[in-house]
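In my numbering, the protein residues as written are 224 to 409.
Quick look at the structure:
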């Protein structure tokens, strides 16, 4: 058996301090770039998930209207609704929606709900831009009314209408605008 050699200054192999610092700096740079890319991928996934969920629930509302021969509404939770409903918390404003059968236009009753209150994925909300193209399902109601410009209805034939007007889009299609949520202090 050969006895282990004690390394001397001349025979010892190691990295210098400068080499170690360079490697650490390069690793930190790569990790920061990777973290930003990962966060952007996650944001896009949340918006796609929100889009797909809302799209499928709108199809459910339309099918329910046709099958049950009744009007079905798709409503976005607003600040006014939050203050009047014990089932809704403040953080659901412009991030939550529900479907229910419409007996009396504009009157929501808990027993008429066709779905539970659905909340969009974290980091997403219904868009609040007033400059959206015509036919876009806009986020905030004008004048602070509870459901104004916030409601989509399907009649018993499955035709789509906005609010209680009988003005369906010419192509019977509409767009729901969902965007990345931002947080403001105050």
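For each residue, glycine too, the CB sits at the ideal point set by N, CA and C.
{"Query": "Endpoints, the beta strand (DSSP E) within which residue 296 is located", "Result": "295-299"}
{"Query": "Assumed close pair residue 299, residue 317 - CB separation to whole angstroms, cut-off 8 Å", "Result": "7 Å"}
{"Query": "Where residue 371 falls: helix, strand or coil (DSSP)", "Result": "The predicted position of residue 371 is uncertain, since its pLDDT is 32 and thus under 50; no value can be drawn from it."}
{"Query": "Environment of residue 322 [buried if 16+ CB atoms lie within 10 Å]", "Result": "buried"}
{"Query": "Pair within 8 Å by beta-carbon distance, residue 261 and residue 281", "Result": "no"}
{"Query": "Alpha-carbon to alpha-carbon, residue 271 and residue 292", "Result": "31 Å"}
{"Query": "C-beta contact flag for residue 319 and residue 340 at 8 Å", "Result": "yes"}
{"Query": "Opening and closing residue of the beta strand (DSSP E) in which residue 322 lies", "Result": "319-324"}
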